[in-house]
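According to UniProt numbering, the sequence shown holds residues 1 to 56 in order.
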Amino acid sequence: VTAADADEGLYGHVKYSLKREADTADFHLDSESGAITLLRSLDFEEGDSYELEVSA
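1) Taking the straight line between their C-alpha atoms, what separation do you get for Ser17 and Asp30?
2) Are Leu42 and Asp23 touching if we call contact CB-CB under 8 Å?
3) Whole angstroms are fine: how far does the CA of Ala3 sit from the CA of Asp26?
4) Following the continuous beta strand (DSSP E) through His28, name the residue where it begins and the one where it ends.
5) Take Val54 as the anchor and find which of Glu8, Val14 and Leu10 has the nearest alpha-carbon.
Pasting the structure below:
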């Protein structure tokens, strides 16, 4: 995930977070880099796609 803020200094720093608490059981979002990683293997019999809401 990437985002940009045109402000300078402290106000131009972007932090990322997952909006839904339930998503944190399966996914980790690095608040500084925006990198998303899996915390467990996904079972595609449970679902074949996942939708995440991210705040920046």
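Positions of the beta carbon are idealized from the N, C-alpha and C atoms, including for glycine.
Looking at the coordinates:
1) Here the alpha carbons of Asp30 and Ser17 stand approximately 8 Å from one another.
2) Result no, Cβ atoms of Leu42 and Asp23 do not sit closer than 8 Å.
3) Each residue's Cα considered, the two are about 22 Å apart.
4) For His28, the enclosing beta strand (DSSP E) stretches over residues Phe27 to Leu29.
5) Closest in alpha carbon position to Val54, among Glu8, Val14 and Leu10, is Val14.
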